[in-house]
Structures are given as structure tokens and as C-alpha cells.
Amino acid sequence: RKEDNLAVRSSESYRTMQKFLKFLFGDPNKKMLSALDREVQQINALESSVVSLTDVQLREKTSEFKARFLNEGVLDGLLYEAFAVVREAAKRTLGQRHFDVQLMGGLALHRGQIAEMRTGEGKTLTSTLALYTNALRGQGCHLVTVNDYLARRDAVWMGAVFHALGMSIGVIQHE
Numbered sequence: 575r576k577e578d579n580l581a582v583r584s585s586e587s588y589r590t591m592q593k594f595l596k597f598l599f600g601d602p603n604k605k606m607l608s609a610l611d612r613e614v615q616q617i618n619a620l621e622s623s624v625v626s627l628t629d630v631q632l633r634e635k636t637s638e639f640k641a642r643f644l645n646e647g648v649l650d651g652l653l654y655e656a657f658a659v660v661r662e663a664a665k666r667t668l669g670q671r672h673f674d675v676q677l678m679g680g681l682a683l684h685r686g687q688i689a690e691m692r693t694g695e696g697k698t699l700t701s702t703l704a705l706y707t708n709a710l711r712g713q714g715c716h717l718v719t720v721n722d723y724l725a726r727r728d729a730v731w732m733g734a735v736f737h738a739l740g741m742s743i744g745v746i747q748h749e
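The sequence shown begins at 575 in the numbering used here and counts up by one.
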């Protein structure tokens with residue numbers, strides 16, 4: 575039919591235009607992932623200095639970060655170091671070390687972007703990075719879930735990371 579042929583030609587034109595634009599400007603997702611990868615390398619470079627901290631020194635980093643935030647007024651100046659500290663606290667308390675892809679997800683969350691992760695890829699652990707960093711402002715930070723069971727479970731589970739870093743947590747339940 576004439577309408578079907580027109581629709582096929584239209585969608586082919588659209589795909590051709592998409593390919594041309596990607597060729598001309600590059601794939602925006604690849605550019606973003608490449609930029610995030612460079613940031614992850616900066617976080618990874620801090621790991622050796624954070625590993626050598628005692629538990630007390632690791633905990634004191636929270637007070638140091640809060641003071642730096644008050645002086646500088648921006649979180650981005652301490653973002654990589656804060657992520658490295660959370661990674662180390664999770665490794666010590668949970669026996670779980672954030673993977674690079676989780677650091678990328680944490681950076682995206684911190685910036686208010688969406689990070690898509692499949693079941694089992696560590697969304698809960700990923701959230702600790704952005705939650706901790708944004709809580710340094712002293713205004714509280716909230717994670718919302720529609721499932722009361724997960725809220726309770728994750729508050730206990732990930733709460734160990736926050737407690738190790740001198741932060742408190744709470745859970746609001748439906749009932």
C-alpha cells in the first residue's frame with residue numbers, strides 16, 4: 575500500500591539522518607561514558623591513600639569534607655575523594671568494593687542524571703556514593719523507594735557504611 579511504502583521510506587530516512595548526525599557529532603552516550611571513565615580513574619588514583627587510613631581517620635574525613643564544603647560552597651571539589659572514602663568504608667564494613675561501573679552510576683546520580691542498572695548490578699551500593707556526598711551539605715539526603723521491605727533491609731545493610739563514616743540514617747515506613 576502507498577501509506578506503508580511512505581512509512582518505510584520515512585523511517586529509513588530517519589535512520590539515515592541519525593547515522594549521519596552520529597558520524598558528524600559522535601555518539602553522545604559514548605562521549606558521556608568516556609568522560610565518566612576519566613573521572614573514575616581519578617577516584618581510583620586516590621584509593622591507595624584512602625586504604626592506608628585507620629578507621630578513625632576514615633571517619634574523620636566526614637568532618638573534614640563538611641568543613642571544606644562550608645569554606646568552598648561546592649561539593650565537586652571533594653567529590654572524587656568522598657567517593658574513594660565511601661568505597662573504602664563499604665569494603666571495610668560490608669566486604670564489598672564499588673566497581674568502576676558503580677562509581678559511574680554514583681557520579682550520574684550525584685549530578686541528578688539517570689543511571690540504568692539491571693537487577694544484581696549493585697544499585698543499592700551505588701546509591702551510597704551520591705547519598706554520602708550530598709549529605710555532606712548538612713541538609714539531609716533522601717533515597718525514596720516504594721517498597722517498605724527494601725527500605726528497612728537497605729537501611730540496615732548500607733547503614734553500616736554511613737555509620738562507619740559518622741553519619742546517621744533513618745527510615746520512614748508506610749505504617
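The C-beta atom is built at its ideal place from N, Cα and C for all residues, glycine as well.
- Here the alpha carbon of E695 sits roughly 20 Å from the alpha carbon of R666.
- For V720, the closest C-alpha among the options L644, L620, E749 is that of E749.
- When DSSP states are grouped into helix, strand and coil, H672 belongs to the coil group.
- Distances from the CA of L681 to each of R692, V660, L668 were compared; the closest alpha carbon is that of V660.
- DSSP places E690 outside any alpha helix (DSSP H), giving it a letter other than H or E.
- Straight through space, the alpha carbons of E662 and M732 are spaced by roughly 13 Å.
- Here H737 is not near L699, since their CB atoms are 8 Å or more apart.
- Assigned with DSSP and collapsed to three states, Q713 falls in coil, not helix or strand.
- Less than 8 Å separates the beta-carbon of L705 from that of C715.
- Taking all protein chains in view, the Cβ of Q592 is surrounded by fewer than 16 other Cβ atoms within 10 Å, so the residue is classified as exposed.
- A residue is called buried once 16 or more other Cβ atoms fall within 10 Å of its Cβ, and V735 is buried on that count.
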